[in-house]
Amino acid sequence: MRVVLFGPPGAGKGTQAGVLKEKLGIPHISTGDMLREAVREGTPLGQEAQGYMNRGELVPDELILRMMEERLRRPDTERGFILDGFPRTVAQAEALDALLDRLNMRLDAVIDLQVPEEELVRRLSGRLVCPGCQAIYQAQSRPPRVAGKCDACGGEVITRPDDRPEAVRNRLVVYARQTEPLIEYYRKQGLLHSVDGTIGPERVCEQIAKIIGA
Ligand code: AMP
Numbered sequence: 031m032r033v034v035l036f037g038p039p040g041a042g043k044g045t046q047a048g049v050l051k052e053k054l055g056i057p058h059i060s061t062g063d064m065l066r067e068a069v070r071e072g073t074p075l076g077q078e079a080q081g082y083m084n085r086g087e088l089v090p091d092e093l094i095l096r097m098m099e100e101r102l103r104r105p106d107t108e109r110g111f112i113l114d115g116f117p118r119t120v121a122q123a124e125a126l127d128a129l130l131d132r133l134n135m136r137l138d139a140v141i142d143l144q145v146p147e148e149e150l151v152r153r154l155s156g157r158l159v160c161p162g163c164q165a166i167y168q169a170q171s172r173p174p175r176v177a178g179k180c181d182a183c184g185g186e187v188i189t190r191p192d193d194r195p196e197a198v199r200n201r202l203v204v205y206a207r208q209t210e211p212l213i214e215y216y217r218k219q220g221l222l223h224s225v226d227g228t229i230g231p232e233r234v235c236e237q238i239a240k241i242i243g244a
């Protein structure tokens, strides 16, 4: 099963991908997580990407495409994958199609998680993440059991630098301008399925499972 989880920042892509990965036994490939790891490790890619990320801008396509080609060529993608945060521009979507063609693969579904903007801003401003295992919490509605500590791995949970209000505003503008056009791109390919992302994580997950037959 090869799925793209699509939607604005804060729509719930990471949360759903975490559940689907366990359910389907296929890798969750998040460009955001890969870039944050590169930043933590101080690799050349991380050094180049960090400024764009902190401002809430997109990292140039060329860097992303090189990173994704290498990732999708790894053998663990043979049975499928869940893409989260990629593609984010039409150029990335076209490059993904070309790459999958070369690898003799095809996408099965693109799931568009729909959440209104006020709700996205509310979610992102209260979001806490665990940099160690990528678990996601919500300060008000779904806090960790022990304040500041990840339930899953005990690591320290943090607020992402790009979840600060100025960066959030920028990310939503960037999404509307550069990423939203992909909805039409995938609708034309007959791959797009829209899911209401406000009905609670469990019900969103049920809807996705129904669409992909999991
Ligand atoms: P995310 O965790 O998906 O919200 O991504 C965090 C940040 O990483 C984004 O705001 C971008 O700066 C960068 N990023 C992640 N994925 C991509 C992508 N496919 N293309 C360009 N930049 C990306």
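Just so you know, we're using my numbering here: the sequence shown kicks off at 31 and counts up by one. The beta carbon of each residue, even a glycine, is placed where N, CA and C say it ideally should be.
Limits of the beta strand (DSSP E) - the one that residue i falls within
i, result
"S224", "222–226"
"L113", "111–114"
"L75", "L75 -> not in any beta strand (DSSP E); alpha helix (DSSP H) instead, spanning 74–85."
Range covered by the alpha helix (DSSP H) that runs through residue i
i, result
"Q122", "120–132"
"V151", "147–155"
"V49", "43–54"
Distance cut-off 8 Å: residue i Cβ against heavy atoms of ligand 1
i, result
"V203", "no"
"V145", "no"
"G86", "yes"
"T107", "no"
"Y215", "no"
"T119", "yes"
"M31", "no"
"Y167", "no"
Three-state secondary structure (DSSP) of residue i
i, result
"A139", "strand"
"I59", "strand"
"R96", "helix"
"L2", "Residue 2 is absent from the structure shown; the chain starts at 31 and stops at 244."
Of all the alpha helix (DSSP H) runs that stay within the bounds of the stretch 159–244, which reach a length of 4 or more residues? The stretch 159–244 contains these whole alpha helix (DSSP H) runs: 195–204, 211–218, 231–242.
Within the chosen definition, does the stretch 49–62 reach the stretch 101–121 through at least 3 CB pairs nearer than 8 Å? yes
Check whether the stretch 67–75 and the stretch 167–182 touch, using three or more Cβ-Cβ pairs below 8 Å as the test. Cβ pair count under 8 Å is below three, so no.
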